[in-house]
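Residue numbers (numbering that gives the first Met the number 0): 0 to 299.
Have a look at the structure below before the remarks.
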Amino acid sequence: MKRIVKSVNYDYQKMKKYIDALCCRIPSLQSFCIGKSCAGRDITALKINSADEYVLFAAAFHGSEHITSNILLMFIEDFCTAFAQNHSLCGINIRKALGNRGVIFVPRINPDGCEISINGALGCGKEAGKIYKLCNGDFAHYNANLRGVDINHNFDAGWKKLHALERKAGIMGPASTRFGGVHPHSEPETIALVKLCKEYTIHHALALHSQGEVIYWDYNGLEGKTARRMAEIMATVSGYALDVPVGLATGGGFKDWFISEYLRPAFTIEVGKGQNPLPVNDAERIYNGICEMLTISAIM
């Protein structure tokens, strides 16, 4: 059976179509809306295996990193097909390995930013003029949401310290990247993911970003005793390196918030190498290189 998900640019409408097709092919895969973006676009989650505890995968926090949606959708298709058919993926029987655990996937946290990066001014709606000024016409490299807030700087984890670093770097207000908002959790996209984590018991969480082929795993020593070992396993099977964020990459992110809020492991995985936006044709190659890591991450 041919894979539904392809290495093509998925704007909002195309991604909705492909998610519907996945759910049609895999009836046990459930989709639901966890919130709305600034422009009113659905932020869609998918769930497999109803359970008391889940692993969470989320992607596309930044507009120019929309390739991570393709990669996560490819994993969703392969992982959930293996679960539904009681087959193996990467040599692992998914249904048996999951046991009483479920998995929740959010393929696109920032649909507005991705729409802008993919479709340029057409993705901005009535805000095209404002966005043009924020990015100096460089829509492809746009990372923020429709209000010029970087979602991965907007979580309530070291936000004040990060905000001071932003101002020191000259980022004083809405921008195409790295502005963390006027206060933490100011953005509907951030709120949607926080609400999801409060509604479900999340054992550990993984955020897909691009690029660099590195794994970030710690935050102020709060990540718990098993996080380092989990990260080492992920690095071994993927060939990715363990790394520590510095400067404007420190604090404010989803990984940081999840660790500080729940004292449980969370990981940022920077997939691929190059300059964002990575060529979408690379999606399947990148996915094939990390499929085993993602699979093991779901059952650890």
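We put the beta carbon where it would ideally sit given N, CA and C, even for glycine.
- Query: Can you give the beta carbon distance from Leu21 to Glu76, rounded, assuming they're within the 8 Å contact cut?
  - Reply: 6 Å
Self-check item: Which of helix, strand or coil DSSP assigns to Asp301
Solution: This structure leaves residue 301 out entirely; the chain is present only between 0 and 299.
Original post:
Taking the C-alpha atoms as reference points, what is the distance between Ala83 and Phe138?
Top reply: 39 Å
Span of the alpha helix (DSSP H) holding Cys22?
-> Tyr11 to Arg24
Is it the case that the Cβ atoms of Leu28 and Leu45 are separated by a distance below 8 Å?
yes
Reference Ala103; option with closest CA among Lys224, Asn92 and Cys196: A quick correction: the sequence has Ile, not Ala, at residue 103. Ile103 has its Cα closest to that of Cys196, out of Lys224, Asn92 and Cys196.
_Assuming Glu186 and Leu247 are in contact, meaning their beta carbons sit under 8 Å apart, how far apart are those beta carbons, in whole angstroms?_
The Cβ separation is near 18 Å, so there is no contact.
| Limits of the unbroken alpha helix (DSSP H) element including Ala96 | Ile93 to Leu97
To the nearest angstrom, how far is the alpha carbon of Lys13 from that of Asp41? 13 Å
Checklist entry - Thinking just about the alpha-carbon of each residue, which of Glu198, Tyr261 and Thr235 is nearest to the one in Ile289? => result Thr235
query: If you draw a straight line from the alpha carbon of Cys113 to that of Ala59, how long is it in whole angstroms?
result: 7 Å
**Ser68 burial status per 10 Å Cβ neighbour count (16 or more: buried)** = buried
Could you check the C-alpha separation between Lys1 and Tyr286 for me, to the nearest Å?
16 Å
Reference Asn109; option with closest CA among Gly128, Glu231 and Ile33: Ile33
- Item | Option nearest Leu241 by Cα separation, candidates Gly251, Ile93, Ile201 and Ala230 | Ala230
**Request:** Going by CA-CA distance only, name the one from Arg227, Ala282, Asp217 and Val270 that's closest to Tyr253.
**Result:** Note that residue 253 corresponds to Phe in the displayed sequence, not to Tyr. With distances taken between Cα atoms, Phe253 lies closest to Asp217.
### Same chain, Cβ closer than 6 Å to Glu222, neighbours up to 5 away in sequence not counted
Ile258 and Pro264
**Prompt:** Using the C-alpha atoms, what's the distance from Ile214 back to Tyr261?
**Reply:** 20 Å
Taking the C-alpha atoms as reference points, what is the distance between His140 and Asn118?
11 Å
- State yes or no: is the C-beta of Trp256 within less than 8 Å of the C-beta of Ala163? no
* Going by C-alpha distance, which of Asn48, Ile130 and His61 is nearest Pro106? -> His61
Point to revise | Uninterrupted beta strand (DSSP E) stretches inside the stretch 168-248 (no shorter than 3 residues) | key: 201-209, 213-215 and 240-242
Cys134: first and last residue of the uninterrupted alpha helix (DSSP H) it sits in: Ala127 to Cys134
Q. Is the CB-CB distance between Thr225 and Asp51 below 8 Å?
A. no
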